[in-house]
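K.L.:
Numbering (the working numbering), first residue to last: 3 to 250. Ideal Cβ positions, reconstructed from N, Cα and C, are used throughout, including at glycine. It should be emphasised that the depicted structure is a prediction, and the values quoted were computed from it without experimental measurement. Dumping the structure here so I can ask a few things about it.
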Amino acid sequence: MTTTLPWVFLPGWGMTAASLQPLREQLPGEKITLLEWPDDPECWRQAEVGNLDALLMRLAEQYPQPALWLGWSLGGLVVAKMAEHHQLGQLVTGLVSLGAGPWFVAGKDRPCHWGLNPAELKAFVRGFKKQPEQAWQHFLNWQSLGEPEGNRVLARLQAQKPWPTFALNTGLQLLQQLQAAELLKNPSLPWLLVRGEDDPLCESWSALQEVYASENVSWVTLQACGHAPQFSEPQQLANQLLAWSSRL
Numbered sequence: 003m004t005t006t007l008p009w010v011f012l013p014g015w016g017m018t019a020a021s022l023q024p025l026r027e028q029l030p031g032e033k034i035t036l037l038e039w040p041d042d043p044e045c046w047r048q049a050e051v052g053n054l055d056a057l058l059m060r061l062a063e064q065y066p067q068p069a070l071w072l073g074w075s076l077g078g079l080v081v082a083k084m085a086e087h088h089q090l091g092q093l094v095t096g097l098v099s100l101g102a103g104p105w106f107v108a109g110k111d112r113p114c115h116w117g118l119n120p121a122e123l124k125a126f127v128r129g130f131k132k133q134p135e136q137a138w139q140h141f142l143n144w145q146s147l148g149e150p151e152g153n154r155v156l157a158r159l160q161a162q163k164p165w166p167t168f169a170l171n172t173g174l175q176l177l178q179q180l181q182a183a184e185l186l187k188n189p190s191l192p193w194l195l196v197r198g199e200d201d202p203l204c205e206s207w208s209a210l211q212e213v214y215a216s217e218n219v220s221w222v223t224l225q226a227c228g229h230a231p232q233f234s235e236p237q238q239l240a241n242q243l244l245a246w247s248s249r250l
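Structure, rendered in structure tokens:
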């Protein structure tokens, strides 16, 4: 079973394209492009003040044709914003959010109570500003908590070369601010949301499913994994992607 449309994979906060290579290896019949986050300081500076256009343009330049876009964690939030974009949205023919929902942190202004406790992320941001290297290691540990072979997943995460500090700082800001509630309310494209059942950063879909119901939206919870199923359960994840894409 193969998909007619090509795929584009975008990694999460601080991660490189190599973090999604284990998933690509489970999809040998698919045409897949692994994106790297831009290293252009200017597009990150613009994103910091609320203008995502330059960042989205840099990503789109790496694959400027229509495709199914998968974003992991922060990547899922950013790809959702690309799908909403008046000019770039035509490039996203289908959207997969891996370990990500329509927003990352809970808040009183959200349509429902879902997401990471904002106090946890704020504490992490404070720690990162004071001791970035220690905070980075804490984040890697955090990601591996829900994995059955946490030490093996942690080693794979530690093999990643993190972004420049200016990009990491802006990425944390985006995690706090980005949301795609309107797109989930009225999805203009097929959207698959996938999480691991023990993901410490992306809680159960139940609260979201009570609020958002659409034929265009599919919800999947993978068994026996956490925030990094591409390392712990790549075949299970690949099977779900193929099952979803075959129905498009």
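Can you tell me whether DSSP reads glutamine 181 as helix, strand or coil?
P.N.:
Correct three-state label for glutamine 181: strand.
K.L.:
If you reduce the DSSP assignment to three classes, tell me which class glycine 198 lands in.
P.N.:
Strand.
K.L.:
Could you give the first and the last residue of the continuous beta strand (DSSP E) run that contains valine 107?
P.N.:
Counting along the chain, valine 107 falls outside any beta strand (DSSP E), and DSSP gives it neither H nor E.
K.L.:
Whose C-alpha, out of Met17, Ile34, Gln238, Gly16, is nearest the C-alpha of threonine 6?
P.N.:
Among Met17, Ile34, Gln238, Gly16, the Cα nearest to that of threonine 6 belongs to Ile34.
K.L.:
Go ahead and pull the three-state DSSP assignment for tryptophan 74.
P.N.:
In the structure shown, tryptophan 74 sits in a strand (DSSP, three-state: E or B).
K.L.:
Tell me which residues share the same chain as lysine 83 and place their Cβ nearer than 8 Å to its Cβ, disregarding the 5 neighbours each side in the sequence.
P.N.:
Taken in chain order, the residues that qualify are Leu54, Leu58, Leu180, Ala182.
K.L.:
Going by the CB atoms, is the gap between leucine 191 and leucine 97 shorter than 8 Å?
P.N.:
Contact flag set, yes.
K.L.:
Considering only the alpha carbon of each residue, which of Arg128, Asp111, Pro166, Trp105 lies closest to leucine 118?
P.N.:
Checking every option, the nearest Cα to that of leucine 118 belongs to Trp105.
K.L.:
Have a look at valine 94 and alanine 69 and give me their C-alpha separation to the nearest angstrom.
P.N.:
Straight-line Cα distance between these residues: approximately 6 Å.
K.L.:
So, helix, strand or coil for glycine 14, using DSSP?
P.N.:
Coil.
K.L.:
Skipping 5 residues on each side, what residues in its chain have a beta carbon closer than 6 Å to that of proline 8?
P.N.:
These residues qualify, in order along the chain: Lys33, Ala69.
K.L.:
Tell me, to the nearest whole angstrom, how far the beta carbon of leucine 170 is from that of leucine 156; I am working on the premise that it is less than 8 Å.
P.N.:
Contact doesn't hold; Cβ gap of about 19 Å is too wide.
K.L.:
Give, in chain order, every unbroken run of the alpha helix (DSSP H) that is at least 4 residues long and sits entirely within the region 129-160.
P.N.:
As far as the region 129-160 is concerned, its whole alpha helix (DSSP H) runs of at least 4 residues are 134-146, 152-160.
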